[in-house]
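Single-structure report; data block below.
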Amino acid sequence: MAATNETPLVDVRHLKEYFPVSTGFFKSTPLKAVDDVSFQIRRGETLGLVGESGCGKTTVGRTILHLYKPTDGEVVYDGRPIKTKEDIKWFRTKSTMVFQDPYSSLNPRMTVSDIIGEPLDVHKMYSSREEREKKILELMDRVGLNSEHASRYAHEFSGGQRQRIGIARSLAVDPEFIVCDEPVSALDVSIQAQVINMFDELQDQMGLTYLFIAHDLLVVRHISDRIAVMYLGKMVELADAAEIYDHPLHPYTKSLISAVPIPDPKIARANKRIPLQGDIPSPLNAPSGCPFRTRCPYAEAKCAESMPNFDEVSSGHFVACHRTAEINS
Amino acid sequence: MALLEVRDLHTSFFTDAGEVKAVNGVSFNLDRGQTLGIVGESGSGKSVTVYSILQILAPAGKIVSGSVKLDGQELVNAGEKVMRDVRGNKISIIFQDPMTSLNPTYTIGDQIMEAILLHTDRTREQAYARAIEMLELVGVNDPEKRMKQYPHEHSGGMRQRVMIAMALACEPDILIADEPTTALDVTIQAQILELMQRLQKELGMAIIMITHDLGVVAQMCDEIVVMYAGSYCERGTAEEIFYNPKHEYTKGLLRSIPTMDTMGQKLQPITGTPIDLLNLPKGCPFAPRCDAAMKICIRQAPEQMVINEDHKASCWMNVKALMDAQAAVEDAGAAEGGEA
Numbered sequence: 000m001a002a003t004n005e006t007p008l009v010d011v012r013h014l015k016e017y018f019p020v021s022t023g024f025f026k027s028t029p030l031k032a033v034d035d036v037s038f039q040i041r042r043g044e045t046l047g048l049v050g051e052s053g054c055g056k057t058t059v060g061r062t063i064l065h066l067y068k069p070t071d072g073e074v075v076y077d078g079r080p081i082k083t084k085e086d087i088k089w090f091r092t093k094s095t096m097v098f099q100d101p102y103s104s105l106n107p108r109m110t111v112s113d114i115i116g117e118p119l120d121v122h123k124m125y126s127s128r129e130e131r132e133k134k135i136l137e138l139m140d141r142v143g144l145n146s147e148h149a150s151r152y153a154h155e156f157s158g159g160q161r162q163r164i165g166i167a168r169s170l171a172v173d174p175e176f177i178v179c180d181e182p183v184s185a186l187d188v189s190i191q192a193q194v195i196n197m198f199d200e201l202q203d204q205m206g207l208t209y210l211f212i213a214h215d216l217l218v219v220r221h222i223s224d225r226i227a228v229m230y231l232g233k234m235v236e237l238a239d240a241a242e243i244y245d246h247p248l249h250p251y252t253k254s255l256i257s258a259v260p261i262p263d264p265k266i267a268r269a270n271k272r273i274p275l276q277g278d279i280p281s282p283l284n285a286p287s288g289c290p291f292r293t294r295c296p297y298a299e300a301k302c303a304e305s306m307p308n309f310d311e312v313s314s315g316h317f318v319a320c321h322r323t324a325e326i327n328s
Numbered sequence: 000m001a002l003l004e005v006r007d008l009h010t011s012f013f014t015d016a017g018e019v020k021a022v023n024g025v026s027f028n029l030d031r032g033q034t035l036g037i038v039g040e041s042g043s044g045k046s047v048t049v050y051s052i053l054q055i056l057a058p059a060g061k062i063v064s065g066s067v068k069l070d071g072q073e074l075v076n077a078g079e080k081v082m083r084d085v086r087g088n089k090i091s092i093i094f095q096d097p098m099t100s101l102n103p104t105y106t107i108g109d110q111i112m113e114a115i116l117l118h119t120d121r122t123r124e125q126a127y128a129r130a131i132e133m134l135e136l137v138g139v140n141d142p143e144k145r146m147k148q149y150p151h152e153h154s155g156g157m158r159q160r161v162m163i164a165m166a167l168a169c170e171p172d173i174l175i176a177d178e179p180t181t182a183l184d185v186t187i188q189a190q191i192l193e194l195m196q197r198l199q200k201e202l203g204m205a206i207i208m209i210t211h212d213l214g215v216v217a218q219m220c221d222e223i224v225v226m227y228a229g230s231y232c233e234r235g236t237a238e239e240i241f242y243n244p245k246h247e248y249t250k251g252l253l254r255s256i257p258t259m260d261t262m263g264q265k266l267q268p269i270t271g272t273p274i275d276l277l278n279l280p281k282g283c284p285f286a287p288r289c290d291a292a293m294k295i296c297i298r299q300a301p302e303q304m305v306i307n308e309d310h311k312a313s314c315w316m317n318v319k320a321l322m323d324a325q326a327a328v329e330d331a332g333a334a335e336g337g338e339a
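Residue numbers (numbering that gives the first Met the number 0), protein chains in the order written: chain A, 0 to 328; chain B, 0 to 339.
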């Protein structure tokens, strides 16, 4: 889906999110969960955000929605910077979130109709009880839930159906932009496809824009127009979905893609993986310079000195690596 | 004779709500040095199958019938003494979640040494040396230091290595890996899978790999058992299952996963929701979700059918295909006869 409008819908500029972690009696060290991340999401597209646990991808999603107050940097939505309380209130009628775990993200004491109706109550989006009821049933219909289920509780549903309830809730305010935080990773394989298809269909019907956060690279590749890769709070690569799989430039992206197990015995056994040594370092003492240098097979002295710039090396393909040209020649 | 022979295994959990038939007639063989994958979604009975082999079921769970033979020795009803010798010594298991399967109050070293001291005649010194050797084998740096550390001081990948070291310390014939990499990131998953393959080559053990990830199965397994709702759908070599699936559930599963080629296309999901094990249907358990279901599928559970030497499947569609083929041959014969 190509962008129809030149102004990006979501413009994230130098976003930083530091969490103070107490490291002594009166001392605290900032944990740099997101460290100077900039990117844009065009209207109607799906941007996939991938990375390993602890890389800050969930924090990016939550900070964009101002569920956390950004430490620094700004989010500009549809040309309007999100700064004041009024901005945030307005922004939250435009943007919502679908959470990873359909078991813990639904209140067990609320009925399905209360869960889906709560955003309507908060933003006072109806004039009568009948209208509220009607909207809730429309939303349930939209995500393929039976209207008879409106008075049931979340525990009466399977994982896939619960995720549908969560999606209906996120659609209640008629949003333009949805942050999907690992929405299918808790679901069974046979149910995943149903939910992925539903995200596709809703996007076609309602012109939605997604930030799709996931660690399953095959799912992300399937659903995304462009893909961004994060490592230890920084964005290391961003490109079109096909481009990033066919021509990954950053050594981390290369290794990540080669590590994906392909569901085809012949390809999987012939696949040459690029193994990484060791584990992801603690974000509390992140390496100086490029965060990936401690595991990078190509690291040099200069990688320890400075963080490489996030440069556009070819049209729409951004990468943050000092040695992009040398490695890929 | 196969190393492990499982025949028509039935395991149920007797709960207040009724009998939950978690495993309904699973059979397979496992040879030395081979890797068998058991694939299925949650509730398909894949974990209960291996827990039954080791008899480490929750108190409500019981093996109702069937046979499990290790090296010719029957394990069902063999008694706790025999099983104690089997567990950790002949058959070891690593669990899905390395975060919760180590005891947080003991050091790594104590936990690995416990397994060695329990199953062998080694002294403490010898056990210590063996534990260090095992940690080196699984690629843990600085094993002396690691031995004195507690589980919380290790990352997920490191803990899974420790689990593998512990499981292999007594040189088992069979290693059961119950979703060993599901909780890990892809790059760490790749490290652990590679480690398991390398150790299998060096030590020659057989592996039973339980997973829902078809990618992991494709990479690791020689033979695959596909399970749905406690019943087994089909079993065969990896090539047969992936390129020539003969059960509608396997076909649906393979269609529904995103691959490198499905970008921009619609996935073809399996419709409906997973089945309630308390109310298993009379016929094929997959029939309520199966697009190709026929009348007989609802009435009667399919018998296992031999597709070829490397492939067995339980699906009425195969019987139908066979009958159609026979009818076609007869028709052709009749037509020829008529002409003559």
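Even for Gly, the Cβ is constructed at its ideal location relative to N, Cα and C.
Which residues in chain A sit within 7 Å of residue i, going by Cβ to Cβ distance?
i, result
"M195(B)", "By Cβ distance, chain A contributes nothing, its closest Cβ being about 13 Å from M195(B), past 7 Å."
"E233(B)", "Those do not exist, as E233(B) stays about 15 Å from chain A at its closest Cβ, beyond 7 Å."
"S255(B)", "V188, S189 and A192"
If I measure Cβ to Cβ from residue i and keep anything under 6 Å in the same chain, skipping five residues before and after, which residues do I get?
i, result
"I135(A)", "S112, I115 and G116"
"D330(B)", "none"
"A25(B)", "A quick correction: the sequence has Val, not Ala, at residue 25(B). If we look at V25(B) and ignore the five residues flanking it on each side, its Cβ neighbours are L8, T48 and Y231."
"P179(B)", "I93"
"F317(A)", "L237, F309 and E311"
"A237(B)", "C220 and I223"
Does the beta carbon of residue i sit closer than 8 Å to a beta carbon anywhere in chain B?
i, result
"R220(A)", "yes"
"P7(A)", "no"
"R161(A)", "no"
"V188(A)", "yes"
"P274(A)", "yes"
"I326(A)", "no"
"A1(A)", "A caution first: A1(A) carries a pLDDT of 44, below 50, which makes its placement in the model too unreliable to give a value."
"I329(A)", "Absent from the model: residue 329(A). The displayed extent of chain A is 0 to 328, so no value can be given."
Beta strand (DSSP E) containing residue i: first to last residue?
i, result
"E16(A)", "V9 to S21"
"A225(A)", "According to the sequence displayed, residue 225(A) carries Arg and not Ala. Element bounds for R225(A): R225 to Y230."
"E73(A)", "D71 to Y76"
"H316(A)", "H316 to V318"
"E4(B)", "L3 to T14"
"S91(B)", "I90 to I93"
"E18(B)", "G17 to L29"
Check whether the Cβ of residue i lies closer than 8 Å to any Cβ atom in chain A.
i, result
"V215(B)", "yes"
"L101(B)", "no"
"S154(B)", "yes"
"F13(B)", "no"
"F241(B)", "yes"
"H211(B)", "yes"
Excluding the 5 residues flanking residue i on each side, which residues of the same chain have their C-beta closer than 8 Å to its C-beta?
i, result
"A14(A)", "The amino acid at residue 14(A) is misidentified as Ala; the sequence shows Leu. V33, D35, V36, S37, V59, T62, I63, P69, D71, G72, E73 and V74."
"G23(A)", "none"
"H221(A)", "I195"
"R161(A)", "P101, Y102, L105 and A153"
"L30(A)", "Y17, F18, P19, V20, P282 and L283"
Can you find the residues in the same chain that come closer than 7 Å, C-beta to C-beta, to residue i, ignoring five residues on each side of it along the sequence?
i, result
"M0(A)", "Annotation note: pLDDT 43 at M0(A) (below 50); position unreliable, no value reported."
"T95(A)", "S169, V172, P174 and I177"
Applying a beta-carbon distance threshold of less than 8 Å, which residues of chain A neighbour residue i?
i, result
"K200(B)", "The contacting residues do not exist; K200(B) stays about 14 Å from chain A at best."
"A237(B)", "P264"
"I295(B)", "Those within 8 Å of I295(B) in chain A number zero; the least Cβ separation is about 23 Å."
"T272(B)", "S157, G159, Q160 and I190"
For residue i, return the contacting residues in chain B, with the cut-off set at a CB-CB distance below 7 Å.
i, result
"Q193(A)", "P268"
In the DSSP assignment, find the unbroken alpha helix (DSSP H) run with residue i in it and report its ends.
i, result
"G158(A)", "G158 to L170"
"C232(B)", "Not the alpha helix (DSSP H): C232(B) falls in the beta strand (DSSP E), residues S230 to T236."
"E152(B)", "Element bounds for E152(B): n/a, residue is neither H nor E."
"T28(A)", "Note, T28(A): premise wrong, no alpha helix (DSSP H); beta strand (DSSP E) at S27 to I40."
"N106(A)", "From DSSP, N106(A) is part of no alpha helix (DSSP H); its letter is neither H nor E."
Determine the chain B residues that contact residue i at a beta-carbon separation under 9 Å, and present them in chain order.
i, result
"V172(A)", "Within 9 Å Cβ-Cβ: nothing; V172(A) doesn't reach chain B, min ~27 Å."
"D199(A)", "K265 and L266"
"V111(A)", "None at all; the shortest Cβ gap to chain B is about 16 Å."
Counting only Cβ pairs nearer than 9 Å, list the residues of chain A close to residue i.
i, result
"M226(B)", "Per Cβ cutoff of 9 Å: no residues; M226(B) is ~13 Å from chain A at best."
May I ask whether a heavy atom of the ligand MG can be found less than 7 Å away from the beta carbon of residue i?
i, result
"H246(B)", "Looking for the ligand MG in the displayed structure turns up nothing, as the structure carries no ligands at all."
Identify the contact partners of residue i in chain B, using a Cβ-Cβ distance below 8 Å as the criterion.
i, result
"E51(A)", "D184, V185, T186 and I187"
*Under 8 Å (Cβ pairs) to chain A, residues found in the region 167-198 of chain B*: Within the region 167-198 of chain B, the residues whose Cβ lies closer than 8 Å to some Cβ of chain A are D184, V185, T186, I187, Q188, A189, Q190, L192 and E193, listed in chain order.
*Any residues in the region 125-154 of chain B with a beta carbon nearer than 7 Å to a beta carbon of chain A? Which ones, in chain order?*
Residues of the region 125-154 of chain B with a C-beta atom less than 7 Å from some C-beta of chain A are S154, listed in chain order.
_To be precise: take each residue of the region 268-294 of chain A, compare its Cβ to all Cβ atoms of chain B, and keep it if any distance is under 8 Å. Which residues remain?_
The residues in question are R268, N270, R272, P274, L275, D278 and I279.
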